[in-house]
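Here the sequence shown stands for residues 1 to 262, numbered as in full-length UniProt numbering.
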Amino acid sequence: MPELPDVETLARMLRRRTLGRRIHRVRILSPATIRSPAPRAFARLMRGRRIARVGRRGKYLLIDLDGALTLIVHLRMTGDLAIAPAGAPLHPHTRVLFALGGEELRFVDQRRFGHMDLLPAARVHHLSGLRRLGEEPLARGFTLTRFRPLLRGRRGMLKSLLLRQDVVAGIGNLYADEILFQARLRPARPVESLRPPDVARLHGAIRAVLRRATDGLARSGRPAATLLDARGRGGACPRCGRALAAARVAGRGTYYCRACQR
């Protein structure tokens, strides 16, 4: 499932390749991908619009169009956007095409869980999924001072906390494990047991892991991380060399090092 680094990398690519370009036509191959408005109205409203800005909020892509409209794209499990020459063979799981004049922006989604909404820009943050999102971990304002109160009074496991989009937006299963590995904290450790040095390490790891992963994807198409390469049964801790432990934490497959993480 795409997480914050994947979506941020995609947003950067779209800024380079699509800003200022006009959408000449929209072809919808899978109407279920369009949540609002109805597919015909969606295609009609987008036709002729220019792409003015590409942003990200959590795992959502926000594409601002002239005329004060915003296209909101949630990739969910298998969604992706790619640029292809107009008329090039379609990927079998292509759901929506946006003709840009000589090229097409194509939404591909094997599992069909991804979706799109086209809303007036003033109403974007009233969309339920966006309205509930928590802090942006790569924003300048996401300081340790701002992070500490998010943990105050909370109970439960650390990994569960990291996966809550209403606390910190954009973190999924893979990067939650990586963050906890870098912070030397066990995924099932109770949030209420954290001491001030633990909180500081966790905050630093959130920012460092997500920034490094985003930069790595932008450069090489591969996330820059350590535990990610070792995940899986039989994998060894990249820090101490001992076998990684596997468990179900917060209902998700989880890997960690019993020796390095406390």
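All C-beta atoms in this analysis are idealised placements derived from N, C-alpha and C, irrespective of residue type, glycine included.
DSSP places M77 in the coil class of the three-state scheme, outside both helix and strand. In the three-state reduction of the DSSP assignment, G55 falls in the strand class, which pools E and B. Ranked by how close their Cα comes to the Cα of R22, the residues G102, L130, E8 and D109 have G102 in first place.
When the Cα atoms are used, L162 and G87 turn out to be separated by approximately 42 Å. The Cβ-Cβ distance between M116 and V73 falls below 8 Å.
Going by DSSP, R25 is part of the beta strand (DSSP E) stretching over R25 to I28. Burial state of A247 is exposed, judged by a 10 Å Cβ sphere holding fewer than 16 other Cβ atoms.
Contact annotation: K159 and A176 have beta-carbon atoms nearer than 8 Å. Using a C-beta cut-off of 8 Å, the region 211–230 makes no contact with the region 194–203, since fewer than three inter-stretch Cβ pairs fall below that distance. Within the same chain, Cβ atoms closer than 6 Å to the Cβ of H91 are found at V108, the five residues on either side in sequence being excluded. For R233, same chain residues with a beta-carbon under 7 Å away, outside a window of 5 residues either side, are A246 in chain order. Between the alpha carbons of T143 and P39 lies a distance of about 42 Å.
Between the region 38–52 and the region 127–138 there are fewer than three inter-stretch CB-CB distances shorter than 8 Å, so the stretches are not counted as touching. Residue pairing from DSSP places V96 in a beta bridge opposite I28 and F107. Minimum Cα-Cα distance from M157 among the listed residues R252, L105, A230 and C240 corresponds to R252. The Cβ atoms of V168 and E135 sit closer than 8 Å to each other. A straight-line Cα-Cα distance of about 9 Å links L65 and A121.
Judged by DSSP secondary structure, A245 falls within the beta strand (DSSP E) whose first and last residues are A245 to V249. Short of 6 Å from the beta carbon of R201, and not among the five residues preceding or following it, lie these beta carbons of its own chain, in chain order: A183. A residue is called buried when at least 16 other Cβ atoms come within 10 angstroms of its Cβ; R186 meets this threshold and is buried.
A205 and A43 have their alpha carbons spaced roughly 42 Å apart. Of the candidates L244, D166 and R146, the residue whose Cα lies closest to the Cα of R132 is D166. Looking at the backbone, the Cα of P2 and that of L75 are separated by about 7 Å. About 7 Å separates the CB atoms of Y255 and G235; that is less than 8 Å, so the two are in contact.
It is roughly 5 Å from the alpha-carbon of E104 to the alpha-carbon of A84. In the structure shown, P223 falls within a coil segment according to DSSP collapsed to helix, strand and coil. When the Cα atoms are used, M77 and R239 turn out to be separated by approximately 30 Å.
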